[in-house]
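Per numbering that gives the first Met the number 0, numbering of the sequence shown is gapless, rising by one per residue and ending at 146. Ideal placement from N, C-alpha and C gives every residue a C-beta, glycine not left out. All figures in this text were calculated on a predicted structure; none of them were measured in a lab.
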Amino acid sequence: MYSEKVMDHFQNPRNVGEIENASGVGTVGNAKCGDIMRIYLDIDENEIIQDVKFKTFGCGAAVATSSMATELVKGKSIYEALKITNKAVMEALDGLPPVKVHCSLLAEEAIHAALWDYAEKHGIRIEGLEKPKSDIHEGEEEEAEAY
Ligand code: FES
């Protein structure tokens with residue numbers, strides 16, 4: 000039921016850990032299942048994401064999507080990172096079972112939350128970035144229908 004890539008990223012997650020004095024930190028949870036994810040971004044003066052780490056207290060799909068999301072944003076500019084959707088993360092993993100699609104929203108929203116934190120700390124506004132939710136369960140049904 001899970002692709003090989005999902006199993007690989009679940010069993011060997013990339014970029015697990017934390018970054019001290021990170022440029023931005025984002026924490027997002029889903030109150031319905033109780034899963035939580037935190038993403039740390041290290042962003043240089045050219046707004047390029049030099050390093051990224053994550054910690055996920057969650058299901059296997061949440062771990063795999065967090066791992067893939069960190070791989071996709073590493074080395075990207077903050078604007079490129081902003082465009083990485085949960086759909087792109089799922090495609091990079093060769094798909095997720097429909098009941099697990101919502102788990103991929105944690106990674107997308109945690110990246111947005113970390114970018115939001117970075118923007119706030121630096122007194123800048125990132126065009127196109129909306130204030131992230133701390134609980135993705137609100138509005139989850141609407142988002143899930145889009146896929
Ligand atoms: Fe909660 Fe997967 S079941 S994130």
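Looking at the strands, I want to know which residues DSSP matches up with residue i.
{"i": "K54", "result": "R37"}
{"i": "G28", "result": "I35, D134"}
{"i": "I47", "result": "S76"}
{"i": "I151", "result": "Absent from the model: residue 151. The displayed extent of the chain is 0 to 146, so no value can be given."}
Considering residue i, what are the terminal residues of the alpha helix (DSSP H) in which it resides?
{"i": "T69", "result": "59-72"}
{"i": "N85", "result": "85-91"}
{"i": "I110", "result": "100-121"}
{"i": "M6", "result": "3-10"}
What's the call for residue i, buried or exposed, on a 16-neighbour Cβ count within 10 Å?
{"i": "E31", "result": "Note that residue 31 is Lys in the sequence shown here, rather than Glu. The residue in question, K31, is exposed, as its Cβ has fewer than 16 Cβ neighbours within 10 Å."}
{"i": "N45", "result": "exposed"}
{"i": "H8", "result": "buried"}
{"i": "F53", "result": "buried"}
{"i": "V5", "result": "buried"}
{"i": "V72", "result": "buried"}
{"i": "K99", "result": "buried"}
{"i": "M67", "result": "buried"}
{"i": "P12", "result": "buried"}
{"i": "G33", "result": "exposed"}
{"i": "R37", "result": "buried"}
{"i": "I135", "result": "buried"}
Comparing alpha-carbon positions, which option in the options lies nearest residue i?
{"i": "K86", "options": "Y1, L105, K73, Y78", "result": "L105"}
{"i": "D50", "options": "S65, N14, F9", "result": "N14"}
{"i": "H111", "options": "P12, G127, I18, V62", "result": "G127"}
{"i": "A118", "options": "G23, E90, L81", "result": "G23"}
{"i": "L40", "options": "I135, W115, K99", "result": "W115"}
{"i": "K61", "options": "L81, R124, S133, M89", "result": "The sequence as given places Ala at residue 61; Lys does not occur at that position. When each option's Cα is compared against that of A61, the closest is M89."}
{"i": "N29", "options": "C58, I125, I47, I48", "result": "C58"}
Is the beta carbon of residue i within less than 6 Å of some heavy atom of ligand 3?
{"i": "D93", "result": "This structure does not include ligand 3; its bound ligands are ligand 1."}
Say whether chain B places a C-beta atom closer than 7 Å to the C-beta of residue i.
{"i": "L105", "result": "The chain inventory of the structure shown lacks chain B, comprising one protein chain alone."}
Determine the DSSP secondary structure at residue i, reduced to helix, strand or coil.
{"i": "E142", "result": "Bear in mind that the predicted position of E142 carries a pLDDT of just 49, short of 50, making it too unreliable to give a figure here."}
{"i": "G16", "result": "coil"}
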